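Residue numbers (this note's numbering): 1 to 121.
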């Protein structure tokens, strides 16, 4: 885990439905879950919100983020932990709101296992 807290204001719910783009202007919606937290966790959760739809998007999100700000110490080591935790949190929300089909659970469990394996290595 990071030795410095690096707590920042985090949105905590970046996903395609909360980001508007029009003529190069970006707008962020829905700050209901915003709070102070570690920036790496918010970055990973944001990537997970897009990664579920596109595995390639996660790497693009990290690359774009690094063009503006370094993700901080030990990001490569912390990323699998944050990915596993936030992926489970996202899936929990889907299940609680009945927004996931039973056949999709198997697909998403593969993502959880991948993150778990990376965390163990």
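Backbone N, C-alpha and C fix where the C-beta goes; we use that ideal spot for every residue, glycine too. Remember, predicted model here, so these are calculated numbers, not experimental data.
Taking 9 Å as the threshold (C-beta atoms), are residue 83 and residue 49 in contact? Not a contact, by the Cβ cut-off of 9 Å.
Stretch pair the segment 22–31 + the segment 59–73: three plus CB contacts closer than 8 Å: no
Residue 72 beta carbon less than 9 Å from that of residue 37: no
Classify residue 38 as helix, strand or coil using the three-state DSSP reduction. Correct three-state label for residue 38: strand.
Whole-angstrom Cβ separation of residue 46 and residue 94, contact assumed at under 8 Å? The pair is not a contact, with the Cβ atoms about 17 Å apart (cut-off 8 Å).
Look up residue 1 in the DSSP assignment and say whether it is helix, strand or coil. Bear in mind that the predicted position of residue 1 carries a pLDDT of just 49, short of 50, making it too unreliable to give a figure here.
Do you know how far the Cα of residue 96 is from the Cα of residue 76? 31 Å
Using DSSP with H/G/I as helix, E/B as strand and the rest coil, what is residue 29? coil
Threshold first: 3 residues or longer. Then list the beta strand (DSSP E) segments lying entirely within the segment 34–89, N to C. Residue ranges of uninterrupted beta strand (DSSP E) with 3 or more members, entirely inside the segment 34–89 and ordered along the chain, are 35–38.
What are the partner residues of residue 123, as DSSP defines its beta bridges? The structure shown has nothing for residue 123, since the chain only spans 1 to 121.
Please report the straight-line C-alpha distance between residue 121 and residue 113, rounded to a whole angstrom. 12 Å
For residue 42 versus residue 10, is the C-beta distance shorter than 9 Å? yes
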